[in-house]
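Reading through the structure tokens given below for one structure.
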Amino acid sequence: MRHERLATCASTNDEARAAFEAGAPLPLLVSAAEQTAGRGRQGRSWSHAPANFAGSFVIEASPRLVETPGAVAFLAGLAVTDALATYGISRHDLRLKWPNDVLYRERKVAGVLSEFVEALGRRAFIVGIGVNLAEAPGETRFPAAAAFSEHPPEPARFAESLAAAVEAWTNAAAREGPGRILAAWRSQAWRLGQPLAVRGQGPEPAEGIFEDIDDRGHLLLRLPCGTLRRVAAGDIADR
Ligand code: BTN
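Position one of the sequence shown corresponds to residue 462 (the working numbering), numbered consecutively onward.
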């Protein structure tokens with residue numbers, strides 16, 4: 462995969478989008494040592510330290526992935542766990558938190574911001590990933606962690622492992638369909654089968670048991686009254 466490494470930029474998602482719109486061949490990774498206006502989900506900002514990884518993949522939106530856009534963030538989370546495992550992080554300590562986060566020992570170590578783009582007759586997903594390799598930001602909504610307390614990999618080197626994992630999962634999704642991604646994600650899901658509160662569209666979080674994800678990647682929450690609620694977008698509210 463072609464990798465463009467920048468010293469600084471506002472957001473690698475924006476740089477990746479611009480490269481895609483200019484006709485860059487796919488897949489592509491744009492990463493940066495410094496981001497001055499990193500973006501998170503739901504209009505939040507993303508704080509990035511130079512010793513951490515910040516980068517955006519542009520992957521072709523295969524028809525099977527377009528059917529299940531939620532699988533794109535799942536694929537990214539799976540790739541992050543693979544890449545961290547390459548550098549010796551135990552998979553037992555890593556979990557995937559619905560819909561877009563990776564946890565290390567119950568704390569957020571990575572986040573994903575995926576966006577669908579169309580230009581020049583091509584369709585793609587921009588998959589922005591931030592991984593706290595060496596430093597955890599303070600003052601976060603959900604407690605954050607760094608994956609490595611000593612000897613973190615160089616971000617540019619980590620990028621190569623992550624790119625290989627993103628490519629492998631993208632190919633698996635195109636070949637076998639998003640069901641393969643959903644099954645793999647489910648096997649590493651945080652709090653599956655357990656009680657939790659989900660902040661969705663409504664003002665109050667809904668409480669229930671995290672029963673499963675459906676074939677579109679939506680969270681299925683069993684409410685105390687017995688009803689199964691499907692949550693398409695939101696956040697797990699508690700820790
Ligand atoms: C989240 O957890 O809310 C998603 C965070 C995504 C952060 C990454 S860092 C690289 C890419 N560029 C951005 O501006 N955001 C994503």
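Every residue gets a Cβ at the ideal spot worked out from N, C-alpha and C, and that includes glycine.
TODO: Report the partner residues of residue 548 according to the DSSP bridge assignment.
DONE: Beta-bridge pairing links residue 548 to no other residue.
- [ ] Identify which residue in 502, 628, 687 has its Cα closest to the Cα of residue 559.
- [x] 502
Open item on the list: By alpha-carbon positions, which one of 512, 699, 691, 612 ends up nearest to residue 656?
Closed with: 699
Open item on the list: Below 8 Å on the Cβ atoms is my contact criterion, and I expect residue 526 with residue 532 to pass it. Report the Cβ-Cβ distance as a whole number of Å.
Closed with: 6 Å
Task: Cβ pair count under 8 Å reaching 3, the region 502-518 against the region 585-598 - done: yes
Open item on the list: Just checking residue 509 against ligand 1 - is the residue's beta carbon closer than 7 Å to any of the ligand's heavy atoms?
Closed with: yes
TODO: Could you give the DSSP three-state label for residue 609: helix, strand or coil?
DONE: coil
Task: residue 577 classed as buried or exposed, judged by whether at least 16 other C-beta atoms fall within 10 angstroms - done: exposed
- [ ] Tell me whether residue 550 counts as near ligand 1, meaning its Cβ is closer than 7 Å to at least one heavy atom of that ligand.
- [x] no
TODO: Just tell me which of 589, 605, 611 has its CA closest to the CA of residue 550.
DONE: 611
Task: Residue range of the unbroken alpha helix (DSSP H) whose run includes residue 469 - done: Not the alpha helix (DSSP H): residue 469 falls in the beta strand (DSSP E), residues 463-470.
Task: Residue ranges of each beta strand (DSSP E) within the region 565-641, 3 or longer - done: 568-580, 583-592
Open item on the list: I'd like the list of long-range same chain contacts for residue 494, defined as Cβ closer than 6 Å, with 5 residues on each side in sequence excluded.
Closed with: 468, 511
Open item on the list: Can you tell me whether residue 503 is helix, strand or coil according to DSSP?
Closed with: helix
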